[in-house]
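Residues in the sequence shown are numbered from 221 upward in steps of one, following the working numbering.
Note that CB positions come from ideal geometry on N, CA and C, so glycine has one too.
Model, not experiment: these values are computed from the prediction.
Here's the structure, in structure tokens; my notes come after.
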Amino acid sequence: MSLKATCPRCPTWVNGGTTSLVYDYEDRVTSISRPGMTTNTFAYNGFGARVSKSDSSGSNSYLRASSGLIGSI
Numbered sequence: 221m222s223l224k225a226t227c228p229r230c231p232t233w234v235n236g237g238t239t240s241l242v243y244d245y246e247d248r249v250t251s252i253s254r255p256g257m258t259t260n261t262f263a264y265n266g267f268g269a270r271v272s273k274s275d276s277s278g279s280n281s282y283l284r285a286s287s288g289l290i291g292s293i
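Pasting the structure below:
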């Protein structure tokens, strides 16, 4: 389940568009859309840590351990 939310601090662009944020049920940002630009998407593991990000330049996955972020794979 995802929820679209309005963002009172999100910029309004010169062409009148606004940034759109989508949150999951744990209140984590899963998507950011800006007018005329690609959408960035994010995925999280069961502990709430971000494990991947996708945007126009491609996708990144993150390797994590109990001590924190190990690296991007």
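Would you check if the distance between the CB atom of residue i and the CB atom of residue j is smaller than 7 angstroms?
i	j	result
residue 272	residue 253	no
residue 261	residue 274	yes
residue 255	residue 268	no
In whole angstroms, give me the CA-to-CA distance for residue i and residue j.
i	j	result
residue 279	residue 246	22 angstroms
residue 257	residue 251	13 angstroms
Short of 8 angstroms in beta carbon distance, which residues of its chain neighbour residue i, apart from the five on each side in sequence? Order them along the chain.
i	result
residue 265	271, 284
residue 292	280, 281, 282, 283
At which residues does the beta strand (DSSP E) containing residue i begin and terminate?
i	result
residue 285	278-285
residue 245	No beta strand (DSSP E) holds residue 245; DSSP gives it neither H nor E.
In the DSSP output, which residue or residues are listed as bridge partners for residue i?
i	result
residue 262	273
Please go through the same chain and pick out, in chain order, the residues whose beta-carbon is closer than 6 angstroms to the beta-carbon of residue i, but skip the five residues on each side of it.
i	result
residue 263	271, 272
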